[in-house]
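Residue numbers (this note's numbering): 45 to 262.
Every residue gets a Cβ at the ideal spot worked out from N, C-alpha and C, and that includes glycine.
Note that the structure is a prediction, hence the values are computed from the model and not measured.
Quick notes on the structure that follows.
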Ligand code: AMP
């Protein structure tokens, strides 16, 4: 299956994507994770992306689209993938359509995770992510690690993302509304959008998502 996951920052895209990709045996491709990996490796691409990310803005399409295409062309993505955080505006969605079309492929579904805005701010302010594996996500109140600052799964260090500060979150939400939300209409016109509520426990949301995807592909 070829799936795009959309939703505001804090909707739990990364967490859900990790579970869904595992259940569906397809790679989880997160452009945010790819940028963060480039930043920690000190690459040129990472240097270009960092200032945009820290300000809560989108990294320019010239950088992002090439990086996403490159990842999608790896052998593990041949039979499907779950895109998390890409596309994030209509021109990226058009570029993705073009790329898939040249390969004779198409998307199967766009899963839209819905969550109220006040919940988003609460979720992000308390979010802590593992440095070793960013799919290991905790929350200081909702799902605290057993030992503060240490990942329960792999012992990695937990940290707060630079772009999870309240000011940057507000900017990211504004960017989401103005630039990313329009892709939902773009995909709705193609009959691909499945919307589910992202409220509740992680496993409940995963089940809701799996049910919605199997209805969509039935
Ligand atoms: P995420 O981990 O998906 O929340 O992404 C973190 C940050 O990476 C975003 O706020 C953007 O600055 C940047 N980013 C991730 N994906 C994209 C994309 N598709 N287009 C532009 N910027 C992106």
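DSSP-derived helix/strand/coil call for residue i
{"i": "residue 72", "result": "strand"}
{"i": "residue 185", "result": "coil"}
{"i": "residue 127", "result": "strand"}
{"i": "residue 233", "result": "coil"}
{"i": "residue 179", "result": "coil"}
{"i": "residue 153", "result": "strand"}
{"i": "residue 34", "result": "The chain is shown only over 45 to 262; residue 34 falls outside these bounds and no answer can be derived."}
{"i": "residue 257", "result": "helix"}
{"i": "residue 243", "result": "coil"}
{"i": "residue 102", "result": "coil"}
{"i": "residue 161", "result": "helix"}
{"i": "residue 201", "result": "strand"}
Interface flag, residue i vs chain D, CB-CB below 8 Å
{"i": "residue 182", "result": "The chain inventory of the structure shown lacks chain D, comprising one protein chain alone."}
Distance, residue j Cα to residue i Cα
{"i": "residue 63", "j": "residue 251", "result": "10 Å"}
{"i": "residue 109", "j": "residue 242", "result": "27 Å"}
{"i": "residue 114", "j": "residue 121", "result": "11 Å"}
{"i": "residue 149", "j": "residue 117", "result": "12 Å"}
{"i": "residue 130", "j": "residue 93", "result": "15 Å"}
{"i": "residue 212", "j": "residue 156", "result": "22 Å"}
{"i": "residue 143", "j": "residue 217", "result": "28 Å"}
{"i": "residue 194", "j": "residue 233", "result": "44 Å"}
{"i": "residue 96", "j": "residue 174", "result": "22 Å"}
{"i": "residue 169", "j": "residue 261", "result": "36 Å"}
{"i": "residue 184", "j": "residue 98", "result": "22 Å"}
{"i": "residue 82", "j": "residue 254", "result": "31 Å"}
{"i": "residue 53", "j": "residue 210", "result": "12 Å"}
{"i": "residue 249", "j": "residue 68", "result": "15 Å"}
Buried or exposed by the 16-neighbour rule on C-beta atoms within 10 Å, applied to residue i
{"i": "residue 235", "result": "exposed"}
{"i": "residue 85", "result": "exposed"}
{"i": "residue 146", "result": "exposed"}
{"i": "residue 259", "result": "exposed"}
{"i": "residue 219", "result": "buried"}
{"i": "residue 231", "result": "buried"}
{"i": "residue 119", "result": "exposed"}
{"i": "residue 135", "result": "exposed"}
{"i": "residue 160", "result": "exposed"}
{"i": "residue 191", "result": "exposed"}
{"i": "residue 59", "result": "buried"}
{"i": "residue 128", "result": "buried"}
{"i": "residue 77", "result": "buried"}
{"i": "residue 123", "result": "exposed"}
{"i": "residue 100", "result": "buried"}
{"i": "residue 197", "result": "exposed"}
Start-to-end residues for the alpha helix (DSSP H) that takes in residue i
{"i": "residue 135", "result": "134-146"}
{"i": "residue 315", "result": "With the chain covering only 45 through 262, there is no way to say anything about residue 315."}
{"i": "residue 217", "result": "210-219"}
Any non-hydrogen atom of ligand 3 closer than 7 Å to residue i Cβ
{"i": "residue 123", "result": "Only ligand 1 can be found as ligands here, which leaves ligand 3 out of the picture."}
Residue range of the beta strand (DSSP E) that includes residue i
{"i": "residue 122", "result": "Note, residue 122: premise wrong, no beta strand (DSSP E); not H, not E."}
{"i": "residue 50", "result": "46-50"}
{"i": "residue 173", "result": "171-174"}
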